[in-house]
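Data first, discussion second: the structure below is written as structure tokens.
Residue numbers (the UniProt record's numbering): 1 to 117.
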């Protein structure tokens, strides 16, 4: 009984493969593939990869934004730019040893960038 259905299925598949409908299907697929290749499309895999990259980038950006806010708050608490305290002026500040290069706060000094050892 099972072989009977397998024979019928095989004959139906053979008839469909040799029918004009199969040729039409192949032609339509070829035309659609050609049309899609002209469009600027990406595969689902490429899209998913870029979505993951974007999510990671957003997370890093949010972390950096929080860090900037934290650093700005620390700077404001220390009397940073915009503050009227004497410690905020470059001439009055005394950098700790190794923190700044001599003349780094002097606008008339030549600007040389050196890597710290």
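Think of the CB as a built atom: it goes at the ideal place given N, C-alpha and C, for glycine as much as any other residue.
- Item | Residue span of the alpha helix (DSSP H) that contains residue 71, given as start and end | 44-77
- Message: Buried or exposed for residue 14, going by 16 or more other Cβ atoms inside 10 Å?
- Response: exposed
- Residue range of the alpha helix (DSSP H) that includes residue 18: Neither: residue 18 is in no alpha helix (DSSP H) and is coded neither H nor E.
- Who are the near neighbours of residue 49 in its chain, counting only those whose CB is closer than 6 Å to its CB and skipping five residues on each side? none
- Message: My output table needs one value for residue 98: the three-state DSSP class, helix, strand or coil.
- Response: With a pLDDT of 48 at residue 98, under the threshold of 50, the modelled position of this residue cannot be trusted; read the value that follows with caution. Residue 98 falls in the coil class under three-state DSSP.
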